[in-house]
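Q: There's a structure below that I have some questions on.
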Amino acid sequence: METFVVPRYLSFFGELLLEMVLAGEGARFAHLGCRTGYPDKQLYEINGGSTVVGVDPSAAALELARNKAAALGEVPIEYVEATDFPTGLEAQTFSHTVCLHPVGSTEARLDLYREMHRLLYPGGQALVALPLRGSFQE
C-alpha cells in the first residue's frame, strides 16, 4: 500500500490538505484514520516541529506508521489504536484535526466529524479531504 497507494492516489488528498493548514507555533494535530502515517511527517515539519497524534483501528498500519516516525529520530509523533469514537484522546486539546479520504457510511462520517469537533480546542481547524467525482484522475 505504502509503495503504490500513497504516491499515486493519497498524495492528491494530502497535498490539498497541507495547502489549507493554517498553523501557528505549537500546533497540535490529531490525524484520524491515519493508516500508515501519511502525511504526518509533513504535518510535523510545519513551523519547525508540530505535535502529531495519529489514530487508526489497524494495529498493522500503526506499526508501519510508528516505524516511519522512529526513522525520523526523536520527534513528537505518536500513534494510538482506537476502533470506535470517541477515541481515548482528551477533548479540546488539539489545534487541528485532519482526515484524508474517510470511508464509510453517512453515520460513520458523522461520528468522525463529531470526534474531530470534540478534539479541537475553540478556534481550531478541522480539515477533511474527500473525493468528489471528476476531481482526480482515475
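At position 66 of the sequence shown (counting the first as 1) the number is 66 in the working numbering, and the numbers step up by one without a gap. We put the CB at the ideal spot given by N, CA and C, even for glycine. Since the model is a prediction, treat every value here as computed from it, not as a measurement.
1) Could you check which residue in 124, 90, 96, 86 has the C-alpha nearest to that of residue 109?
2) According to DSSP, what are the bridge partners of residue 125?
3) Mind checking which residues open and close the beta strand (DSSP E) that includes residue 79?
4) In angstroms, rounded to a whole number, what distance separates the CA positions of residue 117 and residue 28?
5) Quick one: using the 10 Å Cβ neighbour count with 16 as the cut-off for buried, is residue 70 buried or exposed?
A: To lay it out plainly:
1) Reading the sequence shown from its first residue, position 109 is the one you call residue 109. Checking every option, the nearest Cα to that of residue 109 belongs to 86.
2) Here residue 125 is taken as the residue at index 125 of the sequence shown, counted from 1. Answer by DSSP bridge pairing, in chain order: 96.
3) Residue 79 sits at position 79 when you count from the first residue of the sequence shown. That run of the beta strand (DSSP E) goes 77-81.
4) Translated into positions along the sequence shown, residue 117 becomes position 117. Translated into positions along the sequence shown, residue 28 becomes position 28. Residue 117 and residue 28: Cα-Cα distance of roughly 14 Å.
5) For the purposes of this step, residue 70 is taken as the residue at position 70 of the sequence shown. The residue in question, residue 70, is exposed, as its Cβ has fewer than 16 Cβ neighbours within 10 Å.
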